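The listed protein sequences derive, respectively, from chains A and B. For the first sequence, the numbering used here gives the first residue as 1, with consecutive numbering after it. For the second sequence, the numbering used here gives the first residue as 1, with consecutive numbering after it.
2 protein chains.
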Amino acid sequence: MKNLLDSFEEYLLNNLPNSKSFHPYFEEALSEMLKAGGKRFRPMLLLSVVKSNKSLLLSNSMAVALGLEFLHTYSLIHDDLPSMDNADLRRGFQTLHKKYDEVTAILVGDALNTEAFNLVANASLHNDIKVELIKCLATNGGINGMIIGQAIDCFFENQKLELNQLEYLHIHKTAKLIAASLKMGAIISEYDISTQNRLYDFGIDLGLLFQIQDDIIDETCTSLEAGKTTQNDGAKNSFVNLLGLEGARKSADELSLKCINTLNTFESNLKNSLEELLLKYINRHK
Amino acid sequence: MKNLLDSFEEYLLNNLPNSKSFHPYFEEALSEMLKAGGKRFRPMLLLSVVKSNKSLLLSNSMAVALGLEFLHTYSLIHDDLPSMDNADLRRGFQTLHKKYDEVTAILVGDALNTEAFNLVANASLHNDIKVELIKCLATNGGINGMIIGQAIDCFFENQKLELNQLEYLHIHKTAKLIAASLKMGAIISEYDISTQNRLYDFGIDLGLLFQIQDDIIDETCTSLEAGKTTQNDGAKNSFVNLLGLEGARKSADELSLKCINTLNTFESNLKNSLEELLLKYINRHK
Chain A
1 MKNLLDSFEE YLLNNLPNSK SFHPYFEEAL SEMLKAGGKR FRPMLLLSVV
51 KSNKSLLLSN SMAVALGLEF LHTYSLIHDD LPSMDNADLR RGFQTLHKKY
101 DEVTAILVGD ALNTEAFNLV ANASLHNDIK VELIKCLATN GGINGMIIGQ
151 AIDCFFENQK LELNQLEYLH IHKTAKLIAA SLKMGAIISE YDISTQNRLY
201 DFGIDLGLLF QIQDDIIDET CTSLEAGKTT QNDGAKNSFV NLLGLEGARK
251 SADELSLKCI NTLNTFESNL KNSLEELLLK YINRHK
Chain B
1 MKNLLDSFEE YLLNNLPNSK SFHPYFEEAL SEMLKAGGKR FRPMLLLSVV
51 KSNKSLLLSN SMAVALGLEF LHTYSLIHDD LPSMDNADLR RGFQTLHKKY
101 DEVTAILVGD ALNTEAFNLV ANASLHNDIK VELIKCLATN GGINGMIIGQ
151 AIDCFFENQK LELNQLEYLH IHKTAKLIAA SLKMGAIISE YDISTQNRLY
201 DFGIDLGLLF QIQDDIIDET CTSLEAGKTT QNDGAKNSFV NLLGLEGARK
251 SADELSLKCI NTLNTFESNL KNSLEELLLK YINRHK
């Protein structure tokens, strides 16, 4: 059996968005960032949960996992726009507004946002499940999730945030969609509501842990070591700048211990499946 | 009984998107363009179809009608951005990127796009119906609907289109969401598939007719008469520039006759309900 990530990559390449028309490059632009790679972390979270309980539904869950990747990819494309991060590169490729134009970057993002919901609505799953999945995706990827996180990140770029505000930012901008990925796997697997909620809360901790780890890496690594541009300029809203390097390390240690303890409370199949995916991330700052 | 438009306006004002946070104005910006008015044409199409058959479901359909208005409003906000139309005014108010900033305009649009699907998923309707509604909204408002139409409109702004290309543009940019509004009303009303498809096709004709009428108005009226900025510069891709004024009038006459004939094929409740809403538009170029 192919491993889960390979299966997902194959599914993605066979299900890229298409849009035949006489526009010279819009269809090409639609797929560009999806094909550019990335860890596929959100799809893998969902599929790992499904694998633990209802592995028969794995192939039917691919469309939902792809929906998560569409939504995440649209957010990266819009975050990179000139009025936001004004980034030239993403996943090692030129950003869409650099390679094509800003109109294309905005519209490809819009299209992937909408198409994420089309993918979920067309998955071969029960309609009751699909409606719950769509609510979860829209709630965590929308106004009171990812969007308000990004709005706060942009607005307060040059203003100092308090610790609880910085946590609010990253919980909304990143952690909620990670938490939703786990919960959506649990919805497909028909885990009980308590397990769904425990997975969601675990995802919030995980998302926050990753951010603190990123801030530590930004502070301590060169760009070469980190594999991306690092910014340790002292003015940035980061956990390291608020807590100090040692304070941030202590927070990350506490959160990773909490995550490992939570993992141990899940029933063994779920625990094993998530550990296989996550242990290398949970301990990466050490 | 209040009329349908008043009921919808009241529902909208009671269900504006909210996002409590410490961002100084994002929540205000979210509602700004929704409150700014407009004809609410897409919601009214949906509600008029529901009224004709399952008027008991009217109040449960309001969330879906609002979802249509969210999706339409997001598209206006993004169309007005500096890289697209660079418009200062919309519905008589400052555009969001003028009043606030471009980041806010992009993110409010993104949020309304996602929230449209949340509204439909949370409506008090059967899950089977909601899944069909979401497919219809995403298909016609997404990649192979509104988005590719807008991408073509922007890319070919300064290049002459052929007649079939101009039709393709407007069918995708505008007519498909109008057609979807009618079809979504029919899905809620559980009209048979044949009626759903006939309503959809009628919506495509209607959307195209409106565009030809707009082009005629742009050519023949002053801004004061039309109630908006008119552009009759001869270089624009318009039906008048391709067909001449008389040719465009002839096309509009033919399409409005076709629309009226189609209206007459619907069963009497549906016909009456749509006529009440539409006759004034169908004949407005005469």
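Just so you know, even glycine gets a beta-carbon here, dropped at the ideal spot from N, CA and C. As the structure is a computational prediction, the values presented were derived from the model and not from experiment.
Query                                                                                                                                                                                         : Result
Could you name the residues of chain B that residue 13/A contacts, counting a contact when the two beta carbons are closer than 7 angstroms?                                                  : Those do not exist, as residue 13/A stays about 17 angstroms from chain B at its closest Cβ, beyond 7 angstroms.
For the segment 142–161 of chain A, which residues have a beta carbon sitting closer than 7 angstroms to at least one beta carbon of chain B?                                                 : 142, 143, 144, 147, 148, 150, 151, 152, 154, 155
Please check if any C-beta of chain A sits within less than 7 angstroms of the C-beta of residue 31/B.                                                                                        : no
So, helix, strand or coil for residue 105/B, using DSSP?                                                                                                                                      : helix
Taking one C-beta from the segment 123–132 of chain A and one from the segment 101–109 of chain A each time, how about it: are there three or more such pairs within less than 8 angstroms?   : no
Less than 8 angstroms between the CB atoms is what I'm expecting for residue 134/A and residue 117/B, so what's the real figure, rounded?                                                     : 6 angstroms
Would DSSP call residue 202/A helix, strand or coil?                                                                                                                                          : helix
Going by the beta-carbon positions, is the gap between residue 26/A and residue 65/B smaller than 7 angstroms?                                                                                : no
Leaving aside the five residues before and after residue 195/B along the sequence, list all residues of the same chain whose C-beta is less than 7 angstroms from its C-beta, in chain order. : 186
Below 7 angstroms between beta carbons: does that hold for residue 170/A and residue 137/A?                                                                                                   : no
Which stretch, first to last residue, makes up the alpha helix (DSSP H) that contains residue 184/A?                                                                                          : 176–188
Mind listing which residues of the segment 110–124 of chain A have their C-beta closer than 9 angstroms to chain B's C-betas, in chain order?                                                 : 110, 111, 112, 113, 114, 115, 116, 117, 118, 119, 120, 121, 122
DSSP puts residue 89/A in a beta bridge; with which residues?                                                                                                                                 : 94/A
Between residue 178/A and residue 91/A, how many whole angstroms is the CB-CB distance? I'm expecting something under 8 angstroms.                                                            : At roughly 18 angstroms, the Cβ-Cβ gap does not stay under 8 angstroms, so residue 178/A and residue 91/A are not in contact.
How close, in whole Å, do the beta carbons of residue 115/A and residue 142/B come, if the pair is a contact with beta carbons under 8 angstroms?                                             : 5 angstroms
Decide if the segment 251–263 of chain A is in contact with the segment 199–213 of chain A; the criterion is three or more beta carbon pairs, one per stretch, under 8 angstroms apart.       : yes
Which two residues bound the contiguous alpha helix (DSSP H) that contains residue 275/A?                                                                                                     : 268–282
Using a beta-carbon distance cut-off of less than 9 angstroms, what residues from the segment 257–285 of chain B approach chain A?                                                            : none
Here's a check: name, in chain order, each residue in its chain whose Cβ is nearer than 7 angstroms to the Cβ of residue 77/B, leaving out the five neighbours to either side.                : 33, 96, 105, 108, 109
Residues of chain A with a CB under 8 angstroms from the CB of residue 17/B: which are they?                                                                                                  : 143
Any idea what DSSP makes of residue 67/A, helix, strand or coil?                                                                                                                              : helix
Could you work out which residues of chain B lie near residue 165/A, taking near to mean beta carbons separated by less than 7 angstroms?                                                     : 22
Please return the same chain residues whose Cβ sits closer than 6 angstroms to the Cβ of residue 125/B, not counting the five positions on each side in sequence.                             : 60
For the segment 5–57 of chain B, list the alpha helix (DSSP H) runs that are entirely contained and at least 4 residues long, ordered along the chain.                                        : 26–35, 41–53
Over the uninterrupted alpha helix (DSSP H) stretch that includes residue 122/A, give me the two end residues.                                                                                : Residue 122/A -> no alpha helix (DSSP H), and no H or E assigned at all.
Could you tell me which chain B residues have their CB closer than 7 angstroms to the CB of residue 102/A, listed as they occur along the chain?                                              : 83
Quick check on the DSSP output: the alpha helix (DSSP H) that includes residue 83/A runs from which residue to which?                                                                         : That residue, residue 83/A, is in no alpha helix (DSSP H); it is neither H nor E in DSSP.
Looking at the C-beta of residue 128/B, does it have a partner C-beta in chain A at a distance below 7 angstroms?                                                                             : yes
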